[in-house]
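Protein chains in written order, with the working numbering: chain A, 1 to 383; chain B, 1 to 383. Ideal Cβ placement from N, Cα and C applies to all residues, glycine included. Quick caveat, the model's predicted, so the values are computed rather than measured.
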């Protein structure tokens, strides 16, 4: 195997593949990156056996300056290989693999040798028998991942809650995540032209995996998604991203979401966020991380308190308050995560009582879908 | 006590003072910042008892918008106080201390209360009886600190070596640091106009302290230095920076530096640095962190090797090699630290033998002082 390629073009693809490569693993070969050179392409593969990423560089991609002098394959230690490529002195480097699987990387006056492993020993990627493909518009899909990933659980005790649940039905895609203290749900219509109108899928993808995918597909317009019983594949002509799905039945979250409200506060999300950041300065001291919101007919007051340090009190500048007076306490970190997802938008917060979950929604929506973006937070009982 | 002041102007001074304030300490009041407001100024003080920093803001400094409504003093928890100021919603804030030492910070709609401590309980700063003042040009003094601080020891077993040794004599200032594996020395002439021509001082300042000082004085033109037996004070009209000195007699480092050389390599520092960064990719694996330099009449080759991973070999592009052939091994991290201090300059490296320390110097110097900038590195014996 012998090829030469532009250093930075290669590095970018290698960095994407490395998102799947573990630094430690019980299967040592998975700390390596697999390279497969054919006469017209170079395929770079990384995997931690749950997630596998494959990037393809074609000889016809001129900016990569890929020239395959001799086809072949090899597995190289991913971390060192990428560190070497990063530090090479020239724009283009040459990679040669000899019959003993020894790799020689040359660039300028520098020459590296690395001990490789036969690519035949690398695990095979899952082969999906794909019946139907759903085409996802990447920019909004990335938003969905960002909006819902804040609510995924980090506790391995309930593995399903570490995922984002996706339901595709009647031309809509619904994504939900909850760690049982808070929930975030986003619904978008799927483009009618590209499949997904007549299929129903119901599955849960590990949240971390989707966050990695989101980074890799940045800049793309659309990506195809294919699903089998236990695998999902996101793909374009240059990228294949495989992930296992989480086993089990995701909790029914629809029953948590209602339109009922006894008190409603409407204000700009970013202004409430700033106030909560100030209030949480105090609440973060000690074990009792809560802030309190007091709503009256014409007053919204936020307070944070630490017995050791002091207190903070702030009159909120709001758009409207309707309904009953209310005092409610909550974890300010959950609230901050939720509010950041709304940016500068105006939101309404719907409360039932000091002990019932409350919901946050944008007041204006461009979509005619109920609950197309809704977040739910469980308050903290203080009495 | 009551005052109002521009938030960002205050924060900048507070951040400088905080460089001295420890997050944990056996003297709890030192985690606080002392504020002393008089009719025409606000003095902010922080200390860890080894280093004390005092910043003064004058009412006449218009950009600070300082208004002292009522003089007074207080000690406030530094970390929380600065976090609060950072998050305040408006440009100017008001600080009020009541008779119970309770501080109220108001800005916009937000109001914080913090529990303060009587400033009378704060330790007194050392009072220096200053005989003579040396005026230091700040830009070059900062360079000296940067150039020498790389070689200070981090081992507390020989406390003196954690400092930078400064000798002022015959109108010259010499700074030296060594951790016994390497040494960095810089000598500058002191301006004749501003003292220091007729005094002799010989003292060692904790290296970390000088690095903090260097950050605080960035942007200043000059600073005054006053020395007593066990204290040094750097000061301007807005800043006082006190540090204890290290006890004991610094080792005689002059005897380590000679002009003798059996082999000399001349090349651009930054190019050698890049090559060593590449070579050290391999050497950093495993316990044997060395790279090898081979010099012959017309060849300079750098190699790094890891039995687990592979090797790297590079032909260096040099200006000249004179003297005997040589093979020498060294810790690439020491070499990288040293080379970074020379930037893009051409340097000469003077070798005696594979087991004797070698020196790095710039080939061109604007100063007519022997060894005005010299670095010394002890090689690693490999046989």
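Measure the beta-carbon distance from residue i to residue j and round it to whole angstroms, keeping in mind my assumption that it falls under 8 Å.
| i | j | result |
| --- | --- | --- |
| residue 6 (chain B) | residue 64 (chain B) | 5 Å |
| residue 386 (chain B) | residue 172 (chain B) | Given a span of 1 to 383 for chain B in the structure shown, any question on residue 386 (chain B) remains unanswerable. |
| residue 150 (chain B) | residue 341 (chain B) | 7 Å |
| residue 377 (chain B) | residue 354 (chain B) | About 13 Å; that fails the 8 Å criterion. |
| residue 133 (chain A) | residue 224 (chain A) | 5 Å |
| residue 350 (chain A) | residue 294 (chain A) | That belief does not hold up - the Cβ atoms of residue 350 (chain A) and residue 294 (chain A) are roughly 17 Å apart, past 8 Å. |
| residue 373 (chain B) | residue 186 (chain B) | 5 Å |
| residue 138 (chain B) | residue 222 (chain B) | 6 Å |
| residue 53 (chain A) | residue 17 (chain A) | 5 Å |
| residue 348 (chain A) | residue 264 (chain A) | 6 Å |
| residue 152 (chain A) | residue 163 (chain A) | 7 Å |
| residue 78 (chain A) | residue 47 (chain A) | That belief does not hold up - the Cβ atoms of residue 78 (chain A) and residue 47 (chain A) are roughly 11 Å apart, past 8 Å. |
| residue 213 (chain A) | residue 234 (chain A) | 6 Å |
| residue 49 (chain B) | residue 29 (chain B) | 10 Å between Cβ atoms; not a contact. |
| residue 334 (chain B) | residue 181 (chain B) | 6 Å |
| residue 273 (chain A) | residue 336 (chain A) | 6 Å |
| residue 126 (chain A) | residue 201 (chain A) | That pair is no contact at about 17 Å. |
| residue 231 (chain A) | residue 215 (chain A) | At roughly 21 Å, the Cβ-Cβ gap does not stay under 8 Å, so residue 231 (chain A) and residue 215 (chain A) are not in contact. |
| residue 4 (chain B) | residue 81 (chain B) | Actually they are not in contact, since the Cβ atoms of residue 4 (chain B) and residue 81 (chain B) sit about 16 Å apart, beyond 8 Å. |
| residue 300 (chain B) | residue 321 (chain B) | 6 Å |
Span of the alpha helix (DSSP H) holding residue i?
| i | result |
| --- | --- |
| residue 92 (chain B) | Counting along the chain, residue 92 (chain B) falls outside any alpha helix (DSSP H), though it belongs to the beta strand (DSSP E) covering 92–97. |
| residue 373 (chain B) | Taken as a continuous stretch (DSSP letters only), residue 373 (chain B) belongs to no alpha helix (DSSP H), being part of the beta strand (DSSP E) at 373–377. |
| residue 89 (chain B) | First-last for residue 89 (chain B): undefined, no H or E at that position. |
| residue 149 (chain B) | 138–149 |
Mind checking who residue i pairs with in its DSSP beta bridge?
| i | result |
| --- | --- |
| residue 389 (chain A) | Residue 389 (chain A) falls outside the range modelled here, since chain A spans only 1 to 383, and no answer is possible. |
| residue 67 (chain A) | A:4 |
| residue 310 (chain B) | A:114, B:306 |
| residue 34 (chain B) | B:45, B:75 |
| residue 242 (chain B) | B:52, B:233 |
| residue 358 (chain B) | B:377 |
| residue 323 (chain A) | A:263 |
| residue 383 (chain A) | Its beta-bridge partners do not exist; DSSP assigns none. |
| residue 81 (chain A) | Bridge partners of residue 81 (chain A): none, in fact. |
| residue 129 (chain A) | Looking at the DSSP assignment, residue 129 (chain A) forms no beta bridge with any residue, so it has no partner. |
| residue 134 (chain A) | A:225 |
| residue 257 (chain B) | Paired residue(s): none; residue 257 (chain B) is not in a bridge. |
| residue 315 (chain B) | B:301 |
| residue 57 (chain B) | B:42 |
The beta strand (DSSP E) that contains residue i, what's its start and end?
| i | result |
| --- | --- |
| residue 263 (chain B) | 263–268 |
| residue 106 (chain B) | 102–107 |
| residue 351 (chain B) | 346–351 |
Stretch-stretch touch, CB-based, cutoff 8 Å, three pairs: the stretch 95–113 of chain A with the stretch 205–213 of chain A: In this structure the stretch 95–113 of chain A does not touch the stretch 205–213 of chain A; the number of beta carbon pairs closer than 8 Å is below three.
Segment contact flag, the stretch 57–74 of chain A with the stretch 249–262 of chain A, C-beta cutoff 8 Å, min 3 pairs: Not touching, per the Cβ criterion.
Every unbroken alpha helix (DSSP H) inside the stretch 153–231 of chain A [4 residues or more]: Those alpha helix (DSSP H) runs which fall completely within the stretch 153–231 of chain A and span 4+ residues are 207–216.
Sufficient close CB pairs (3 or more, under 8 Å) joining the stretch 306–316 of chain B to the stretch 335–349 of chain B: They do not touch, by the three-pair rule.
Segment contact flag, the stretch 323–331 of chain A with the stretch 88–106 of chain B, C-beta cutoff 8 Å, min 3 pairs: Judged by Cβ distances under 8 Å, the stretch 323–331 of chain A makes no contact with the stretch 88–106 of chain B, as fewer than three pairs qualify.
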